[in-house]
Amino acid sequence: MFGMRWSKYFIPTLREDPADAEVVSHKLLLRAGVVRQLSAGIYSYLPLGQRIASKVMQILREEMNRIGGQEFYLPALHPAEVWQESGRWNAIGDDMFRLKDRKGADMCLGMTHEEVFTTIARNEIRSYKQLPQVWYQIQIKFRDEPRPKSGLMRLRTFIMKDAYTFDVDRAGLDHAFIDQREAYKRIFTRCGIDFSIVEASSGAMGGSESSEFVGKTDAGEDLIASCSNCGYAANVEKATSRLPKIEDEAGPDAPEEFPTPGVRTIEDLTTFPGGAAAIRQIKSLVYFATLNGEPRPVLALLRGDHQLHEVKFADSLGATDFRPAHPEEIRELLGAGAGSLGGVRAKETSKQATTGAKLTEAATGRVLNIKYPKGVFIVADLGLKGRRNMTTGANKDDHHIRGVDVERDIEVDQWADLRTVNSGEACPRCDTGTLEVYKAMEVGHIFKLGTKYSESMGATVLTADGKEVPIVMGSYGIGVERIISAAVEQNYDDDGIIWPKSIAPFDVIVTVTNMKDEKLREAGEKLYEDLTRAGLDVLLDDRDERAGVKFKDADLIGIPFRITIGKKLGDGVVELLDRKTKKSEDVKLDDIVGKLKEI
Ligand code: ATP
Ligand code: MG
């Protein structure tokens, strides 16, 4: 129950699209007077925005409380120590806002709160009898994102609902995870978001199992591969597909070098006489990466027509830092240009190289000197397993090698799934489905952390048999602004936003077509009172504006229902317009309150 008169309420709507706004939600949130930008990735909520965010937060609270969540509120300013204890002070790079206090002590602005919650658990929880615990907060986060953009989708300061569970064992965590997952489904459903649950890479948060909740939208930055047949869905950072089996002809007993003047790309070699189709070639890419703390050159091998996915590459190697090698470094390492590389004898060749390279560790800014005594580390995509009679670069300009049996001729250190999946490929889980790859926005993420933080930070409990064990944790996050952005991206038309009813700033707008008409004005005022008293959130458009302007503004700000008080009032009738369907009907003034309470 909340009422406002537009004449006194601050809703600075804009007629034109703001020039620098690209995605729809960004444009509409600005035009509808919901938010204003202060700086890159930093926004102010105006009154409409604050109402929308409050409604989202109320849903988050209700659903967290329903699964036994207890609300906390932790500080946003953290001492470096807790992040040093968990190891993330160094593991996280420039995304963290760091500062010093007046005494020179290192501090940071919280990106997330595993460390602080674990500190509380460590100090207060001693026994299995105090577990399980489900803790959450709705609080501000800071992340110095490299590319803050797309309005509220990628911010540098945003509101997150973050929850953490503490259990004595894995079984407890599994249970907590399912509770959260179900709560998340209810939250997104209630907020009117069309979402999917997908397998994800856990990234810097650590942990083993994680699921992302994503909303399908072209404005999204994530790519999701999903199967409409069996429901398999995964972020392409993790998704796989089933490749049709390829029967290779047995090749020669040993690989053969042959001249390929001018051939630089996979494509070049497909048309070169004596060359090979892309699926019979090996693509070779050189990176520098830190593997187990040691900077190494890495040669990644894939089938000629496949694309490397860098997140899969880094995840499979456990690489904390990596970058592609520069052309001169590649030549120094393997003795040829990027268009003539291959895995055959690559280890020996690269051990001869002397100069070395440098890798700047993103996390610390430390410059690591890479030497090559061990040569390249070779990681090969699983799609190359068992392949024979393949063609690849010879590590010699203008020369290639054919007849390569991958397992016989290349010293592969690690086999891994490195390949980017594409639409139309076969589902890895079911027999008949094919994958569709679409753009989506991550709106929530749930992780089984396990004992990563409890071990590093020493949060232990005594079990029933008196054994001391690390607490088993989970962490679960939802971005309030992501929900708001997704709601807009999925619900708008040419005229503006169409808020899902559950998070709309008002349930209904009462538009008086002509405030100078005494009768209309009085009827508007009375209806406004009646609707508010009936428990609805009501915006009365009592501005001294033309009806056309008022209608346009009402459409733009997206209130689910509009009641127009105009000429038909003489017959005791008002018009009820559904913002979404644009259908309107005449309703008797006496019936309108009852009717709205129903819908
Ligand atoms: P992304 O991959 O999009 O950067 P993330 O994996 O870093 O997201 P988490 O650390 O899992 O995100 O944070 C939990 C939730 O917080 C995300 O699911 C998202 O809803 C929200 N979120 C994360 N980063 C931002 C941001 N920069 N701006 C707005 N919301 C964010
Ligand atoms: Mg992120």
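Note that our numbering has the sequence shown beginning at 47, numbered continuously upward. Quick reminder that beta carbons are idealized off the backbone N, C-alpha and C, glycines included. This structure is a prediction, so every number in the text was calculated from the model and none was measured.
What three-state label does DSSP hand residue i in the structure shown?
| i | result |
| --- | --- |
| serine 85 | strand |
| lysine 397 | helix |
| asparagine 275 | coil |
| glutamine 185 | strand |
| proline 373 | helix |
| serine 548 | helix |
| glutamate 488 | strand |
| glycine 261 | strand |
| glutamate 471 | coil |
| histidine 221 | helix |
| methionine 251 | Unreliable positioning characterises methionine 251 in this predicted model, as indicated by a pLDDT of 46, which lies under 50. A coordinate reading is not provided. |
| lysine 195 | strand |
| glutamine 226 | helix |
| leucine 481 | strand |
| arginine 433 | coil |
| glycine 594 | helix |
| leucine 145 | strand |
| threonine 627 | coil |
| aspartate 599 | helix |
| glycine 364 | coil |
Is it right to say residue i is buried, meaning 16 or more other beta carbons lie within 10 angstroms of its own, or is it exposed?
| i | result |
| --- | --- |
| arginine 134 | buried |
| alanine 569 | buried |
| valine 413 | exposed |
| alanine 151 | exposed |
| valine 595 | exposed |
| histidine 491 | buried |
| arginine 168 | buried |
| methionine 47 | exposed |
| histidine 352 | buried |
| leucine 145 | exposed |
| tyrosine 91 | buried |
| leucine 380 | buried |
| tyrosine 119 | exposed |
| alanine 250 | Its pLDDT being 45, under 50, alanine 250 is placed unreliably by the model, and the measurement read from it follows with that caveat. Alanine 250 comes out exposed. |
| alanine 360 | buried |
| glycine 252 | Only weak support exists for where glycine 252 lies, its pLDDT of 49 falling under 50; the coordinates are left without a value. |
| serine 196 | buried |
| aspartate 140 | exposed |
| lysine 14 | The structure shown does not extend to residue 14, since the chain is modelled only from 47 to 645, so the question has no answer here. |
| serine 132 | buried |
| glycine 470 | exposed |
| glutamine 226 | buried |
Checking the sheet assignment: what are the DSSP bridge partners for residue i?
| i | result |
| --- | --- |
| serine 330 | Leu347 |
| aspartate 427 | Ala462 |
| aspartate 583 | Phe48 |
| tyrosine 91 | Val81 |
| phenylalanine 204 | Lys187 |
| proline 125 | Met153 |
| alanine 280 | Glu245, Ala271 |
| tyrosine 647 | Since the displayed the chain opens at 47 and closes at 645, residue 647 lies outside it and no answer follows. |
| glycine 523 | Asp208, His491 |
| valine 507 | Val515 |
| lysine 117 | Here residue 117 is glutamate; the residue named in the question, lysine, does not match the sequence. Answer is Tyr182. |
| aspartate 66 | Note: aspartate 66 sits in no beta bridge, so no partner. |
| isoleucine 611 | Val558 |
| glutamate 340 | Leu337 |
Rounded C-beta distance between residue i and residue j? I'm assuming under 8 Å.
| i | j | result |
| --- | --- | --- |
| methionine 487 | alanine 532 | 6 Å |
| glutamate 191 | glycine 87 | 6 Å |
| valine 309 | histidine 446 | 7 Å |
| arginine 82 | tyrosine 89 | 7 Å |
| aspartate 427 | leucine 348 | 4 Å |
| methionine 436 | valine 422 | Actually they are not in contact, since the Cβ atoms of methionine 436 and valine 422 sit about 18 Å apart, beyond 8 Å. |
| leucine 464 | serine 287 | Wrong, their Cβ atoms sit about 13 Å apart, outside the cutoff. |
| valine 335 | valine 70 | It should be pointed out that residue 335 corresponds to alanine in this sequence rather than to valine. Not quite, the Cβ-Cβ distance comes to about 38 Å (not below 8 Å), so this is no contact. |
Counting only beta-carbon separations shorter than 8 Å, does residue i have a partner in chain D?
| i | result |
| --- | --- |
| cysteine 473 | In summary, chain D is missing from the structure at hand, where a single protein chain is found. |
Counting beta carbon pairs with one atom in the region 553-565 and one in the region 529-540, are three or more of them shorter than 8 Å? no
Specify whether the region 114-129 and the region 141-161 touch according to this definition: at least 3 beta carbon pairs, one from each stretch, less than 8 Å apart. yes
Contact the region 211-225 vs the region 508-526: 3+ CB pairs below 8 Å: yes
For the pair the region 439-454 and the region 303-318, tell me if three or more CB-CB distances fall below 8 Å. yes
Determine contact between the region 327-347 and the region 378-392, defined as no fewer than three beta-carbon pairs at a distance below 8 Å. yes
Indicate whether the contact test is met: 3 or more Cβ pairs, each with one atom in the region 359-379 and one in the region 102-113, closer than 8 Å. no
Flag this pair as touching only if the region 414-428 and the region 333-352 have three or more C-beta atom pairs under 8 Å; answer yes or no. yes
Three Cβ pairs or more, each shorter than 8 Å: is that satisfied between the region 458-466 and the region 219-233? no
For the region 262-279 and the region 470-481, state whether three or more C-beta atom pairs, one from each stretch, are separated by less than 8 Å. yes
Decide yes or no for the touch test of the region 175-186 against the region 50-60: beta carbon pairs closer than 8 Å, at least 3 of them. no
May I ask you to verify whether the region 571-585 touches the region 510-526, counting CB pairs closer than 8 Å and requiring at least 3? no
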